[in-house]
Amino acid sequence: SAVISQKPSRDICQRGTSLTIQCQVDSQVTMMFWYRQQPGQSLTLIATANQGSEATYESGFVIDKFPISRPNLTFSTLTVSNMSPEDSSIYLCSVVGQILLRDTEAFFGQGTRLTVV
Amino acid sequence: ILNVEQSPQSLHVQEGDSTNFTCSFPSSNFYALHWYRWETAKSPEALFVMTLNGDEKKKGRISATLNTKEGYSYLYIKGSQPEDSATYLCAFITRDAGGTSYGKLTFGQGTILTVHP
């Protein structure tokens with residue numbers, strides 16, 4: 001299992017500014033993922049944070065808007081840049097072990113509830 | 118784009134009622150199907166990891182079934198209690214070309230359950 005500390009838990013930000021969200025894991029994990037849930041929508045994968053290389057972004061998400069750092073196997077940050085009201089969402093980080101073994105689950109941070117005004 | 122659908126979107130029941138939710142997913146390249154419970158301001162918590170067609174799993178008053186050939190899973194809650202109020206998420210995991218999965222989850226929209234005392 002893994003325990004993830006995610007912060008901030010919530011924030012209200014002005015449009016045009018940036019917010020950096022941090023996730024700290026209590027053990028070394030290979031894969032870290034960043035998800036977003038816009039109001040009324042599914043949790044959607046933004047990107048996979050890779051240690052030692054650039055993040056891998058899903059279709060519709062770009063590095064300039066959501067830069068990610070992964071300096072080691074226990075920590076990652078996601079920045080939401082140049083925010084607009086459409087970025088108001090819950091952001092979640094998630095981890096799995098070496099690979100996702102078939103009978104194991106993913107673990108999540110507590111989420112960051114972002115409101116852009 | 119993988120399509121994972123959950124129904125109903127929301128559900129209001131009285132304490133003591135039994136209820137069930139549906140998750141439909143692609144029937145090809147199946148690796149695993151997860152159910153999570155997500156309470157406000159908390160981390161999503163795994164309920165079940167289901168991997169084999171015909172799987173039936175139970176945890177207390179909650180149980181789930183899996184049909185990978187037709188692409189659906191049911192989650193049942195017997196004798197609902199107010200503490201069961203939460204969002205219930207299913208997540209589909211695809212088998213990659215190597216026969217495993219690196220851990221990317223595709224979520225349904227969730228079912229919001231409210232249990233009234």
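Protein chains in written order, with the working numbering: chain F, 1 to 117; chain U, 118 to 234.
Yeah, the Cβ is synthetic: ideal placement off N, Cα and C, and Gly gets one too.
Residues of chain F with a Cβ closer than 9 Å to the Cβ of U/H151 are, in chain order, E105 and A106. Judged by DSSP secondary structure, F/D11 falls within the beta strand (DSSP E) whose first and last residues are R10 to C13. Below 8 Å, enough C-beta pairs join the region 185-198 of chain U and the region 132-152 of chain U to call them touching: three or more. Excluding five sequence positions before and after U/L128, the CB atoms of its chain that fall closer than 8 Å to its own CB belong to T136, F138, T228, I229, L230 and T231, given in chain order.
About 5 Å separates the CB atoms of U/S160 and F/Q110; that is less than 8 Å, so the two are in contact. Taking 7 Å as the cut-off, the beta carbon of F/T20 is found no closer than this to the beta carbon of F/M83.
The shortest C-alpha to C-alpha distance from F/A49 to any of F/C13, F/S81, F/T30 and F/A2 is the one to F/T30. In the DSSP annotation of this structure, the continuous segment of the beta strand (DSSP E) that includes U/K175 starts and ends at E173 to K176. Within the same chain, D26 come within 6 Å of F/V3 by CB-CB distance, once the 5 residues on both sides are set aside.
Contacts with chain F at 7 Å (Cβ-Cβ) include U/T168.
The shortest CA-to-CA distance from F/S5 to any of F/L92, F/S59, F/P67 and F/V117 is the one to F/L92. Using a CB distance cut-off of 7 Å, F/R36 does not count as an interface residue toward chain U. DSSP places U/A149 inside the beta strand (DSSP E), whose first and last residues are F147 to W155. For F/V80, the enclosing beta strand (DSSP E) stretches over residues F75 to V80. Contact between F/L78 and F/F61 fails: their C-beta atoms lie close to 10 Å from each other, not under 8 Å. A Cβ-Cβ separation of about 7 Å places U/Y193 in contact with U/I179 under the 8 Å criterion. When the beta-carbon positions are compared, U/A208 and U/F224 come within less than 7 Å of each other.
For F/T48, the enclosing beta strand (DSSP E) stretches over residues L43 to A49. Using a Cβ-Cβ cut-off of 8 Å, F/Q110 is close to A158, K159 and S160 of chain U, given in chain order. Taking a 10 Å sphere around the C-beta of U/Q123, we find 16 or more other C-beta atoms and assign the residue as buried. Secondary structure of U/E122 (DSSP, three-state): strand.
In this structure, DSSP gives F/E58 a state outside helix and strand, which the three-state scheme calls coil.
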